[in-house]
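J.:
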Amino acid sequence: MKGLLLNMKLFDETENKYYELISYYVCRRESFTDSDVKRRMMEINANEMDVSVYDAIFSKEEGLGSIFTYDETSFQYVLEDVFPIRLNRIEREALFAVAEFAYSEGFINKKTIDRISKVANDGTGWSLDDIKIRNQDVRVKSGNLVKKISIIIEAIRTSRVLCYDNVKKGKYNYTGSKAWPVKLEYSFVNDSFRVCAYVPKEERFIKISLDTLENITIGEPFERDIEEEYSDFMKENTKKIILEVDPVQHIIERCFRLFSFYDRQAVYDTSKEKYRLELKYYRFDESEVIRDIMSLGSGAVVLEPRGIQMKIYNRIVAAYNNYKM
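Quick note on my numbering: the sequence shown kicks off at 11 and runs consecutively.
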């Protein structure tokens, strides 16, 4: 029964720390040795051997191999042909939504988009567009987004200056601005693109939302190694938070989705039955990170640093004082 439960969670990224290892062997489709398996498992598990997982997945006894069989010298993948994957209804809609994004053509060629549409369109009669979000303000999408993305990518590729106006009605209006673009970022949670760039006039790096950019053009080339400078800048401004997260399915899913924008590493502590999530973020994203942590409620606790603990505590106290009778 224990082996069955392990295999049921085998391909659940949030439940199994060996997910990547098993996926590697399945996709590789080549034989591998017993010593190779043990070495890789110990690398994942802090130089300790997880015998229960090993016995459940990599059994050497005839007839007990669930995914791999053993032939006296090496393990072999059980299926001889390509394993067919059947998408469920939600997965089909998610795949189809990729092809329908207004800016998908900036990253995916037309042939691939047509293939996605063909695979995903099963005629279910409903769409993600039918889901109405009522607890969020409707954001005004930037016009000509694909064109903006294409111009920025070309400027980055050719190491040229980006000329633009940065306008947000009622708040600011910067015209005739220039910056050296480094990279383009996308936030899944906020559904927003940002360009990271160096402003020589101010001698600093900034992030600009594409929603507020207008009149974008490409200017003269620049010679400095901005990517290396940007890398050094990010190292100096990178902070770390360690969270303890309850192993509850919906909390884990929300946690990984919220922090998909950041570098992170998760380890499951069997003694506490908790996930330990190490999250790296940029200093100027701190307010957003704190807000996301608080949205997880009691399902996530900040272990380090003390400064973030106090900021969250102060926000909770302020909210309590604001709403108490």
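For glycine and all other residues, C-beta sits at the position ideal for the given N, C-alpha and C.
For PHE68, which residues of its own chain have a beta-carbon under 7 Å away from its beta-carbon, when the five flanking residues on both sides are left out?
T.: VAL47, PHE78, PHE85
J.: Determine the extent of the alpha helix (DSSP H) in which ASP302 is found, giving its start and end residues.
T.: Note, ASP302: alpha helix (DSSP H), 296-305.
J.: May I have the straight-line CA-CA distance separating MET320 from VAL312, to the nearest angstrom?
T.: Between the alpha carbons of MET320 and VAL312 lies a distance of about 10 Å.
J.: Mind checking whether TYR174 and ASN225 have CB atoms under 8 Å apart?
T.: Taking the C-beta atoms as reference points, ASN225 is found nearer than 8 Å to TYR174.
J.: Put TYR240 into one of helix, strand or coil per three-state DSSP.
T.: helix
J.: Pull up the distance between the alpha-carbon of TYR291 and that of TYR240, whole angstroms please.
T.: 15 Å
J.: Of all Cβ atoms in chain C, is any one closer than 8 Å to the Cβ of ARG325?
T.: In summary, chain C is missing from the structure at hand, where a single protein chain is found.
J.: In whole angstroms, what separates the C-alpha of ASN324 from that of MET52?
T.: 42 Å
J.: Of the choices ARG170, CYS37, THR185, whose alpha-carbon is the least far from that of THR222?
T.: THR185
J.: Following the continuous alpha helix (DSSP H) through GLU288, name the residue where it begins and the one where it ends.
T.: Counted as a single uninterrupted DSSP element, the stretch harbouring GLU288 is not any alpha helix (DSSP H) but the beta strand (DSSP E) occupying residues 284-292.
J.: Just to confirm, are LYS284 and VAL258 a CB contact at a threshold of 8 Å?
T.: no
J.: Please state the DSSP three-state secondary structure of LYS120.
T.: Helix.
J.: Straight-line CA distance for ARG214 to TYR208?
T.: 6 Å
J.: If we call anything under 8 Å between Cβ atoms a contact, is CYS206 one with LYS193?
T.: yes
J.: Verify whether the separation of the beta carbon atoms of ARG170 and ILE228 is less than 8 Å.
T.: yes
J.: Just to confirm before moving on: does the CB-CB distance between ILE126 and LEU105 stay below 8 Å?
T.: yes
J.: Looking at the secondary structure, which residues open and close the alpha helix (DSSP H) in which SER219 lies?
T.: No alpha helix (DSSP H) holds SER219; the beta strand (DSSP E) holding it covers 214-219.
J.: In the DSSP output, which residue or residues are listed as bridge partners for CYS206?
T.: Answer is LYS193, LYS217, bridged to CYS206.
J.: Closer than 7 Å to a non-hydrogen atom of the ligand GDP - does that hold for the CB of VAL277?
T.: Looking for the ligand GDP in the displayed structure turns up nothing, as the structure carries no ligands at all.
J.: Hey, could you find the ends of the alpha helix (DSSP H) GLY317 is sitting in?
T.: 316-333
J.: I need the straight-line Cα distance from ILE322 to ARG204, nearest angstrom please.
T.: 27 Å
J.: Is the CB-CB distance between LEU268 and ASP295 below 8 Å?
T.: no
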